[in-house]
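Each remark here refers to the structure printed beneath this line.
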Ligand code: F6R
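Residue numbers (our numbering): 303 to 543.
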């Protein structure tokens, strides 16, 4: 694992965006694994900026998102589908037909999960997977548990995750209680993983993930098994290492 801790947000963002831009320069058809949430946001802003300056093109790339809330239509403002369009896809030249996000509103979620895995298997592996980390060590929406699921599946979100996500909704009641998420097996198939964390509230999870035992109670600790992980942290998130 290569761990980088940054004092300046600017350097955190530039390094993350730089990894994606370098990949696309060497492989314009790269498959990006994307996350939503506050951790990658600055990186998306920087990628849009670099695209507008003509420094990168996504025209031949494709993307797979980690997860989506169950029950929210793709055009719901808080869906991850909307998040990706608003913060990245609408502003770059990626072909919308090659941006894949699980459909949390599918009639049969079981079939939707199988369909998503099938696409990943046919087209993958993902070249670079961006990951945030939950306060509880979740990656994607693979929550701490006695057992983890390898493939894309429907997950019941833990109370702490629902509370953490409530900041984007008008009330706690509106936060979806389930999500479709890529499983840890699908995530670990990526050629390279870039784990992002910012803020003191992530410090404990980062310590467990990087220095704790490998345990399903901290799903991010499974990243210790992957041969090519880059960790980008701000000073606060790296504060307990
Ligand atoms: C989002 C995702 C989640 C988040 C995690 C951290 O697609 O898969 O695992 O990465 O909950 O969220 P933020 O970055 O908002 O703190």
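For glycine and all other residues, C-beta sits at the position ideal for the given N, C-alpha and C.
Between residue 369 and residue 382, the CB-CB gap stays under 8 Å.
Shown here for residue 447: same chain residues with a beta carbon closer than 7 Å to its own, the five before and five after excluded, namely 518 in chain order. Of the residues assessed, residue 467 falls on the buried side of the cut-off, its CB having 16 or more other CB atoms within 10 angstroms.
In this structure the region 441-456 lies against the region 468-487, because at least three pairs of beta carbons, one per stretch, are closer than 8 Å. Segment contact: the region 409-425 against the region 472-479, fewer than three CB-CB distances shorter than 8 Å; contact not assigned. In the three-state scheme derived from DSSP, where H, G and I count as helix and E and B as strand, residue 438 is classed as coil.
By the Cβ neighbour-count rule, residue 336 is buried, with 16 or more other Cβ atoms within 10 Å of its own. If you check the CB distance, residue 425 and residue 333 come in under 8 Å. Only buried fits residue 407, as 16 or more other CB atoms lie within 10 angstroms of its CB.
The C-beta distance from residue 367 to residue 392 rounds to 15 Å, too long to fall under 8 Å, and the pair is not in contact.
DSSP assignment within the region 348-399 yields the following whole beta strand (DSSP E) runs of 3 residues or more, N-terminal first: 364-367, 369-371. Sequence-distant Cβ neighbours of residue 439 in its own chain, meaning closer than 8 Å and more than five residues away, are 446, 507, 510, 511, 519, 520, 521, 522, 523.
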